[in-house]
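Just so you know, the protein sequences line up as chains V and B, in that order. My numbering applies: residue 1 is where the first sequence begins, and numbers increase by one. My numbering applies: residue 1001 is where the second sequence begins, and numbers increase by one. Report on the structure given below.
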Amino acid sequence: MDFAESITDDDSIILYFSEPEKGRATNTEIIQKSINKGYRVIVVTNNFPSKILERLYVKNAVNTEKIFFIDSITSFAGGVSVKSDGSHIMIRSPQDLTGLSMAFSDVLKKFEGDKIFILFDSLSTMLIYLPSDKVVRFMHFITTKLRTLDESGAILAVKGGLDPLLYSQVGSLVDGIVDT
Amino acid sequence: MNKTTEFRTSEDALKLWAEEEEKEPELMWEKIYDAIGDPIFILDSTGLILSMNEASEELLEVKFQDIKGSRCYEIVHKTETFVEGCPFRKSMETQNRESYKLQIGTRWYRVSVDPIKNSEGGVIGAVHIITDIDELIKIHAKRAQLGAVIENTGEAVIGTGPDGLIESWNKGAEETFGYSHEEITGEPLLNLVKGDYKRENEEIRSDLKKNNRTSEREWKMIRKDGTEAEIELSFSPIYDERGVFYGVSYIGHNIGPQRLAERELLGYMTESFIRMKKPVEIISSNLKEISELYEKEEISADDADEMIKIQIKNAEQILENLYDLNKKMVHKKIGIPDEYRSFFLEERAG
């Protein structure tokens, strides 16, 4: 599947692979395209602190009013902006899958009726903190929830970062795989 | 060869004997006596030496004429009476064959005394024979030593007969397969061999029978409890005393633990690679990006500090993951050398 065609109006979940140095550029591009398609975007980040990410989106002319953040890294790393607010939910660590699942359900409820696009950044960082079987179970939960609610999403991962078994397991949960 | 030729040959041979007997009839018995390689003495019932053959003269380095009238103990043992445990005296008492082993110098001999009886059945003397059994004794000793080595080796050593049935089974085989010698003797070796390897076994037996060499093989075999054993086997032909192919001996080394360790180490290497390579690439790339963003003034010093702290957390977690993996490896008890075991469990710095 081609990157340019990957963000559509259809409800679909895509797994994106990119080189580590292209990760944030891919993230920004997907956000931009999704907002342009009229989606409300929920960014789940365990890679960059959400408030810094937000400022970088602004500098890249992305309309952040349409973006909501679930951040599982800022508190964990002892960052300065650790309080949840109207557009950020802070989870205590990337290993806190219960907190992450609850936040995810809360946000979907909060924006019920909106056309939602979830961006999960990133699967590779999640694998630093959690064993692969737990990651697969969590991804299954996320994708099932999105499909039940007819929503769309993207999962970012580093190219070559999944072993063959995990690649096939996660691959079976999504509608397409894109190499950027 | 036909029967007529056989008969003629026998007749010729007997003719030679008859001619010789006719020439010197009184010496014929003496010729036979001297032809025997083992020293023989004829004694009366008191131990007086009545005659001795040439082999006796050679052994004692004397001529019969010079010792005529002497008693056996005076000549053989250089004593004034019979030695303790003397088989001649025993034989005179029991009126049966008596024998014992004796070391003279560095060589071993078997001394046998057979009583000579008169027409009424009374003992009137004895035939005293000394047989050199030194070579036999040494061969037996070597075989016994080799047997002990084979019996006690940790390798499974299995001997099969011409029909492929198990005839010998050492302690190593007992430990490897779980069957005792009594349980397995007489059973086909094929009962221990898994599936495809059965055909290979027949090929090997056939090759060895034809004197062809066979290389070592790795077979999957079955233990008494039904579990699978990975065995590296070498094969040798067994020949009988005539040098005719008799059966096959198998020496098996249990390579299961080694293979398990190899597979586990491969798994460890793969898992280490997954847990380390890409995450380190992510950290490296993130650090570069942080540096670029800071240089372009897209993020503040505080932002850069916060983002660097995240990368430190990532690096710490990668180390934690590797320590966990090391611990799992050590606790699996898969034959890792002790020095590596302690290396894996090394105390963490800081």
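Glycine is no exception: its CB is placed at the ideal position from the N, C-alpha and C atoms.
Check	Outcome
Just the chain V side, please: which residues come within less than 8 Å of Ile1314 of chain B by C-beta, in chain order?	Inspection of the sequence shows that residue 1314 of chain B is occupied by Asn rather than by Ile. Per Cβ cutoff of 8 Å: Thr125 and Ile128.
Quick check on this structure: which residue in V:Thr125, V:His140 and V:Ser93 has the alpha carbon closest to the alpha carbon of Lys172 of chain V?	For the sequence presented, residue 172 of chain V should be read as Ser rather than Lys. Checking every option, the nearest Cα to that of Ser172 of chain V belongs to V:His140.
Of the residues that make up the region 163-176 of chain V, which ones have a beta carbon closer than 7 Å to any beta carbon in chain B?	Asp163
Measuring alpha carbon to alpha carbon, tell me which residue in B:Glu1202, B:Ile1222 and B:Ala1126 is nearest Val1111 of chain B.	B:Ala1126
Are the beta-carbon atoms of Asn1053 of chain B and Tyr1073 of chain B separated by less than 7 Å?	no
Please identify, using Cβ separations under 8 Å, the residues of the region 1276-1305 of chain B that lie next to chain V, in order along the chain.	Lys1278, Pro1279, Glu1281, Ile1282, Ser1284, Ser1285, Asn1286, Lys1288, Glu1289, Leu1293, Glu1298, Ile1299, Asp1302 and Asp1303
Given this structure, state the Cα-to-Cα distance separating His88 of chain V from Ser122 of chain V, to the nearest angstrom.	17 Å
If you follow the alpha helix (DSSP H) that Ser132 of chain V is in, where does it begin and where does it stop?	Ser132 to Thr148
To be precise: take each residue of the region 1317-1332 of chain B, compare its Cβ to all Cβ atoms of chain V, and keep it if any distance is under 8 Å. Which residues remain?	Gln1317, Ile1318 and Asn1321
On the DSSP bridge assignment, give the partners of Lys1169 of chain B in chain order.	Here residue 1169 of chain B is Trp; the residue named in the question, Lys, does not match the sequence. Its beta-bridge partners are B:Ile1158.
Look at the alpha carbon of Glu1020 of chain B and the alpha carbon of Met1028 of chain B, and state the distance between them as a whole number of angstroms.	8 Å
Which residue marks the beginning of the beta strand (DSSP E) containing Leu1325 of chain B, and which one marks its end?	That residue, Leu1325 of chain B, is in no beta strand (DSSP E); its alpha helix (DSSP H) goes Ala1301 to His1331.
Please report the Cβ distance between Arg1071 of chain B and Ile1049 of chain B, rounded to the nearest whole angstrom; I am assuming they are in contact, meaning their Cβ atoms lie under 8 Å.	7 Å
In whole angstroms, give me the CA-to-CA distance for Arg1435 of chain B and Pro1188 of chain B.	A query on residue 1435 of chain B cannot be resolved here, the shown segment of chain B reaching from 1001 to 1350 and no further.
Would you say Gln1317 of chain B and Leu1287 of chain B are within 7 Å of each other, going by their C-beta atoms?	no
Can you find a CB in chain V that lies within less than 7 Å of the CB of Ile1308 of chain B?	no
Can you tell me which of the three DSSP states Phe1088 of chain B falls into?	helix
Determine, using beta-carbon pairs with one atom in the region 1140-1147 of chain B and one in the region 1117-1125 of chain B, whether at least three such pairs fall under 8 Å.	no
For chain B, check one thing: does any of its Cβ atoms lie closer than 7 Å to the Cβ of Gly99 of chain V?	no
Taking Met88 of chain V as part of the beta strand (DSSP E), name the residues at either end of that continuous run.	Note that residue 88 of chain V is His in the sequence shown, not Met. Taken as a continuous stretch (DSSP letters only), the beta strand (DSSP E) holding His88 of chain V covers His88 to Met90.
In terms of DSSP beta bridges, what is Lys1101 of chain B paired with?	B:Arg1110
Does the Cβ of Thr1094 of chain B have 16 or more other Cβ atoms within 10 Å, making it buried, or fewer, making it exposed?	exposed
Pull up the distance between the alpha-carbon of Ile1238 of chain B and that of Pro1087 of chain B, whole angstroms please.	40 Å
Are the beta-carbon atoms of Asp1038 of chain B and Ala1055 of chain B separated by less than 7 Å?	yes
Say whether the region 113-128 of chain V touches the region 29-48 of chain V, bearing in mind that this needs 3 or more beta-carbon pairs closer than 8 Å, one atom from each stretch.	yes
For the region 44-57 of chain V, which residues have a CB atom closer than 7 Å to at least one CB atom of chain B, in sequence order?	Phe48, Pro49, Ile52 and Leu56
From which residue to which residue does the alpha helix (DSSP H) around Ile1130 of chain B run?	Segment Val1123 to Asp1132 is the beta strand (DSSP E) holding Ile1130 of chain B; no alpha helix (DSSP H) there.
Would you call the region 83-98 of chain V and the region 155-167 of chain V touching, i.e. three or more CB-CB distances under 8 Å?	no
Three or more beta-carbon pairs under 8 Å between the region 58-70 of chain V and the region 94-107 of chain V, yes or no?	yes
Below 8 Å on the Cβ atoms is my guess for Phe17 of chain V versus Asp179 of chain V; work out the distance and round it to an integer in Å.	5 Å
Here's the rule: buried if 16 or more other CB atoms are within 10 angstroms of the residue's CB, otherwise exposed. What is Trp1219 of chain B?	buried
Exposed or buried, what is Leu1345 of chain B when buried is set at 16 or more other beta-carbons lying within 10 Å of its beta-carbon?	exposed
Could you give the distance in angstroms between the alpha-carbon of Met1329 of chain B and the alpha-carbon of Gly1247 of chain B?	44 Å
Mapping DSSP to helix, strand and coil, what is Ile155 of chain V?	strand
Determine the extent of the beta strand (DSSP E) in which Asp71 of chain V is found, giving its start and end residues.	Ile67 to Asp71
Between which two residues does the alpha helix (DSSP H) containing Gly99 of chain V stretch?	Leu97 to Lys110
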